[in-house]
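J.:
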Amino acid sequence: MKQSKNETSKSKKGWYVVFGLVGAIIFAQLIVSGAWASKGEELNKLDAKVVKLAKENQELQADLSSKASLQELSAKAQELGFVKQNSIVYVDLTHSVAALPQNTLSSLSR
Amino acid sequence: MVASGLRVKFLAAFFLLASVLILSKLFSIQVLKSDEFLVVAKSQYQTSKTIPARRGSILASDGFPLVTFDQIWLLWATVAKIENPQRVAKTLAPLIADKIDDQEAADSVKLQEKIISQEEDRIKKVLTREGASWVPIKHKIKREIKEEIEKLDLAGIGFDPEDDRSYPEGTMAARLLGFVGKDDAGESKGYFGLEGFYDLALSGSRGTKAWEKDAFGNTILFGSNRKFEAMDGMDLKTNIDRSVQFIIERHLEKGIKKYDAVSGLAVVIRPIDGAILALSSVPAYDPAKFSKYESKTYIDPIVGESFEPGSIFKVLVMAAALDSGVIKQDSKCDKCSGPRIIGEYTIDSGTNEYYPNSTLSEIIEHSDNVGMVWVSEKMGVDRLYNYLLKYGFGLPTGIDLQGEASLPLRKKEDWSFIDLATASFGQGIAVTPIQMVRAVSVIANEGKLPVPRVVEKISSGDKDEIVKYPGSQQVISPRAARLVTDMMVGAVESRSNMWFKPKDIKVAGKTGTAQVPIAGHYDPDKTIASFIGFAPADDPKFVMLVILREPKSAPWASQTVAPLWFSIANDLFPYMGIQPK
Chain A
1 MKQSKNETSK SKKGWYVVFG LVGAIIFAQL IVSGAWASKG EELNKLDAKV VKLAKENQEL
61 QADLSSKASL QELSAKAQEL GFVKQNSIVY VDLTHSVAAL PQNTLSSLSR
Chain B
111 MVASGLRVKF LAAFFLLASV LILSKLFSIQ VLKSDEFLVV AKSQYQTSKT IPARRGSILA
171 SDGFPLVTFD QIWLLWATVA KIENPQRVAK TLAPLIADKI DDQEAADSVK LQEKIISQEE
231 DRIKKVLTRE GASWVPIKHK IKREIKEEIE KLDLAGIGFD PEDDRSYPEG TMAARLLGFV
291 GKDDAGESKG YFGLEGFYDL ALSGSRGTKA WEKDAFGNTI LFGSNRKFEA MDGMDLKTNI
351 DRSVQFIIER HLEKGIKKYD AVSGLAVVIR PIDGAILALS SVPAYDPAKF SKYESKTYID
411 PIVGESFEPG SIFKVLVMAA ALDSGVIKQD SKCDKCSGPR IIGEYTIDSG TNEYYPNSTL
471 SEIIEHSDNV GMVWVSEKMG VDRLYNYLLK YGFGLPTGID LQGEASLPLR KKEDWSFIDL
531 ATASFGQGIA VTPIQMVRAV SVIANEGKLP VPRVVEKISS GDKDEIVKYP GSQQVISPRA
591 ARLVTDMMVG AVESRSNMWF KPKDIKVAGK TGTAQVPIAG HYDPDKTIAS FIGFAPADDP
651 KFVMLVILRE PKSAPWASQT VAPLWFSIAN DLFPYMGIQP K
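So the protein lines, in turn, are chains A and B.
Counting in the working numbering, the first sequence runs from 1 upward without gaps.
Counting in the working numbering, the second sequence runs from 111 upward without gaps.
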């Protein structure tokens, strides 16, 4: 009789453990699911942010290109009063262009 | 007890029946109609979208975008949320109606009002369309307009992003670039120029994304998610130098006005490898508004239209004759004292001036038709024909632009002596400007024929791939090329009073005034004036061809297009670091 009581008590404990474990797993799953569920929303927000930043980057690049275009620069130059150089002087590099007069050289060497 | 037993039996029967009903319904849902419900269920928790591929950019040689992508927007409306379609149409119309380009026109205000009124009617019709719940109102809305509309806070109005082509340099190199339109299936497709030639590389391929979502539409992280990334289109890095392009376009526009020409074109090529540095034909079209122009304006005359080259062709015939050895450097023309009569035709000098015993240099300097007939006579049809083929005439040049015309030469057997004679001074033969500039590059490139090339590299992400082109082919000897170069330098120097150039920069060049063939004869009033040349003559950095169609201010190329050529060249010299020697 004592043995059968012990067995019943053991079997009850077994069930408690099983139910406890199952309960813990379910609870853990609920916690994890809850936590990850909000991550999904976060992921969506991050995705949207990536798209938004890419578009902003695109728009900034387009602005930069349009402001650095030769058409724009030329118009700006004209507006600021720049004029085209029409008489270019080519410098002959085979001869010295800033030579001191001969007498100065001789006075220096003295 | 009996009643209690009956109740139990009744309840048992009821539960049994209910179970059978539930099971049969479950069987119907899960087995018989499983496919149908699976689809319904999936539509609730699964979603997918197409990831668009960005079309590649076209870059100048300095990396600046000539064509890139721009963010534009589709303006749409949820019909049920629009309370007063009339008011919404009236508010939106002035913002999104097309703007007329010519603001200075006398009736521009009235015209603009009419356009706005038409747009208002159109929007109202769209918003009151029967049975529609969502309607697109207008594509290609720019960011500034979008922001203005957003400020109005109109209920039921929204925007979706779209990609568009953007041209930071406006209409620069329009025909070279081509444009992007739609194909029969409504998909974006490149037409003409680089957009057409490299359409596949520029397009890229779309991707897809499928994922599971929760009741709020958020992604389920550990759900079944699949993603195939889109492959963006590749970028093209061209040899186009936008400063050179800018210079030639500005001068061409001025030149067309100054010399009262119908149109004009210019090509600048680096002779050593055939790199196209600039290429422009004026008037062109605006690629951002291509649909507003006639389709015939899309074709670039530089690659797609032929002309009779006239006297600029003489240098090629002379070079071929020297290379073949039929004439020597010191040969003199013994048939140059008067007009030549060939069958029923008389070939004169055009100016009624004749130069007996001309040297080869003098023939080029005087642009002497009679002298060239003598040269061609020495060559004969067979030899000249073979040289024409070696110069690349009769076949497309292979330039990487869509729309290049293929102009086969007439069969050799069909050539008579008069054909040979007229071909020697560029009449009765049709070439494209790109063929012509390529052929003259042979003289500037020690006798080697380059393949004209616009794109240098194709880039995808961090990877660059250099585009491979066929190598140059030797057409004439370097000696023959040098001799003709000297003749061309002489031709420029002999008329240096007609144009301005820095004194000690050697320029090799040749003018050409060709008649325009119409219905079996030549138009007596219309001409095509051209000048082709390269500089510095002893180490050419560029070969440039400039053509003016039907200039009315003066009859000869030396009075119109040649000064224009030198005005462009004088801007190119300092830019390219070409200095007097």
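Note that CB positions come from ideal geometry on N, CA and C, so glycine has one too.
Everything numeric in this text was worked out from a predicted model, so none of it was measured.
Distance, Cα to Cα, Gly435 (chain B) vs Ile586 (chain B)?
T.: About 11 angstroms.
J.: Between Ile678 (chain B) and chain A, is the shortest Cβ-Cβ distance under 8 angstroms, so that the two count as touching?
T.: Judged by the 8 angstroms Cβ criterion, Ile678 (chain B) is not in contact with chain A.
J.: At a CB distance below 7 angstroms, what residues from the region 13-44 of chain A approach chain E? Give them in sequence order.
T.: Annotation note: the requested chain E is absent from the structure, which comprises protein chains A and B.
J.: In terms of residues, what are the limits of the beta strand (DSSP E) holding Arg380 (chain B)?
T.: Residues Ser373 to Arg380.
J.: If you draw a straight line from the C-alpha of Ile386 (chain B) to the C-alpha of Ala549 (chain B), how long is it?
T.: Rounded to whole angstroms, Ile386 (chain B) to Ala549 (chain B) spans 14 angstroms at the Cα level.
J.: Just to confirm, is the Cβ distance from Val177 (chain B) to Leu287 (chain B) under 8 angstroms?
T.: Closer than 8 angstroms, so yes.
J.: If you reduce the DSSP assignment to three classes, tell me which class Gln537 (chain B) lands in.
T.: If DSSP states are grouped into helix, strand and coil, Gln537 (chain B) belongs with coil.
J.: Can you give me the start and stop residues for the beta strand (DSSP E) that Trp525 (chain B) sits inside?
T.: Trp525 (chain B) -> no beta strand (DSSP E), and no H or E assigned at all.
J.: What three-state label does DSSP hand Glu59 (chain A) in the structure shown?
T.: Helix.
J.: Distance, Cα to Cα, Lys12 (chain A) vs Ser33 (chain A)?
T.: Using only the alpha carbons, I get a separation of about 31 angstroms.
J.: Lys235 (chain B): which of B:Leu221, B:Thr348, B:Gln196 and B:Arg450 sits nearest, CA to CA?
T.: Answer by Cα proximity: B:Gln196.
J.: Below 8 angstroms on the Cβ atoms is my guess for Lys651 (chain B) versus Val425 (chain B); work out the distance and round it to an integer in Å.
T.: Actually they do not touch by this definition, with Cβ atoms about 19 angstroms apart.
J.: According to a CB-to-CB cut-off of less than 8 angstroms, which residues of the region 65-84 of chain A neighbour chain B?
T.: Going along the region 65-84 of chain A in chain order, one finds Ser65, Ser66, Ala68, Ser69, Leu70, Gln71 and Ser74 with a Cβ nearer than 8 angstroms to chain B.
J.: Restricting to Cα atoms, I'd like to know which of B:Phe289, B:Asp294 and B:Ser315 is closest to Gly303 (chain B).
T.: It is B:Phe289 whose Cα lies nearest to the Cα of Gly303 (chain B).
J.: Counting C-beta neighbours from all protein chains within 10 Å, is the total for Gly622 (chain B) 16 or more, i.e. buried, or is it exposed?
T.: It is buried - the Cβ of Gly622 (chain B) has at least 16 other Cβ atoms within 10 Å.
J.: What residues of chain B sit near Lys55 (chain A), judged by a beta carbon separation below 9 angstroms?
T.: Under the 9 angstroms cutoff, chain B gives Gln181 and Pro271.
J.: Report, in whole angstroms, the separation of the C-beta atoms of Ala664 (chain B) and Thr670 (chain B), which I expect to be a contact under 8 angstroms.
T.: Their Cβ separation, rounded to whole angstroms, is 5 angstroms, which keeps Ala664 (chain B) and Thr670 (chain B) in contact under 8 angstroms.
J.: Note the first and the last residue of the continuous beta strand (DSSP E) segment covering Ala311 (chain B).
T.: It is not in any beta strand (DSSP E) - Ala311 (chain B) instead sits in the alpha helix (DSSP H) that spans Asp309 to Ser313.
J.: Could you work out which residues of chain B lie near Glu59 (chain A), taking near to mean beta carbons separated by less than 9 angstroms?
T.: Under the 9 angstroms cutoff, chain B gives Asp180, Gln181 and Arg253.
J.: I'd like to know if Ala62 (chain A) contacts chain B, where contact means its C-beta is closer than 8 angstroms to some C-beta of that chain.
T.: So, interface residue.
J.: With a cut-off of 8 angstroms on the beta carbons, I'd call His249 (chain B) and Ser677 (chain B) a contact; round off their distance for me.
T.: Their Cβ separation, rounded to whole angstroms, is 43 angstroms, which puts His249 (chain B) and Ser677 (chain B) out of contact at 8 angstroms.
J.: Any chance you could list the alpha helix (DSSP H) runs of at least 4 consecutive residues sitting entirely within the region 604-642 of chain B, in chain order?
T.: The qualifying runs do not exist here; there are none.
J.: At which residues does the alpha helix (DSSP H) containing Trp484 (chain B) begin and terminate?
T.: Element bounds for Trp484 (chain B): Asn479 to Lys500.
J.: When we look at the beta-carbon of Ser87 (chain A) and count the other beta-carbons within 10 Å, is it buried (16 or more) or exposed?
T.: Burial call: exposed.
J.: Tell me the residue span of the beta strand (DSSP E) that contains Phe698 (chain B).
T.: Any question about residue 698 (chain B) goes unanswered here, given that chain B covers just 111 to 691.
J.: Would the region 358-375 of chain B and the region 190-210 of chain B be scored as touching if the rule is three or more Cβ pairs under 8 angstroms?
T.: Touching, no, given that fewer than three Cβ pairs across the two stretches are closer than 8 angstroms.
J.: So which residues on chain A does Thr329 (chain B) lean against when the C-beta distance must stay under 7 angstroms?
T.: Going along chain A in sequence order, the residues near Thr329 (chain B) (Cβ under 7 angstroms) are Gly40, Leu43 and Asn44.
J.: Closer than 7 angstroms: is that where the CB of Lys442 (chain B) sits relative to any heavy atom of the ligand MN?
T.: The ligand MN is absent from the structure shown, which contains no ligand whatsoever.
J.: Could you name the residues of the same chain whose beta carbon sits closer than 6 angstroms to that of Arg493 (chain B), not counting the 5 residues immediately before and after it, in chain order?
T.: If we look at Arg493 (chain B) and ignore the five residues flanking it on each side, its Cβ neighbours are Ser434.
J.: When DSSP labels each residue in this structure, what does Thr318 (chain B) get in the three-state scheme?
T.: If DSSP states are grouped into helix, strand and coil, Thr318 (chain B) belongs with the strands.
J.: Would Ser276 (chain B) be called buried (16 or more neighbouring beta carbons within 10 Å of its own) or exposed?
T.: The residue in question, Ser276 (chain B), is buried, as its Cβ has 16 or more Cβ neighbours within 10 Å.
J.: Chain A beta carbons: is any one of them nearer than 8 angstroms to that of Asp324 (chain B)?
T.: Yes, Asp324 (chain B) counts as interfacial toward chain A.
J.: Using a Cβ cut-off of 8 angstroms, pull out every chain A residue sitting near Arg336 (chain B), in sequence order please.
T.: What Arg336 (chain B) touches in chain A: nothing, since even the nearest Cβ is about 15 angstroms away.
J.: Do Ser38 (chain A) and Glu279 (chain B) count as a contact pair if the criterion is CB distance below 8 angstroms?
T.: No, the Cβ-Cβ distance between Glu279 (chain B) and Ser38 (chain A) is not below 8 angstroms.
J.: What are the start and end residues of the alpha helix (DSSP H) that includes Val671 (chain B)?
T.: That run of the alpha helix (DSSP H) goes Val671 to Met686.
J.: For a contact meaning CB atoms closer than 8 angstroms, what does Gln689 (chain B) contact in chain A?
T.: What Gln689 (chain B) touches in chain A: Tyr90.
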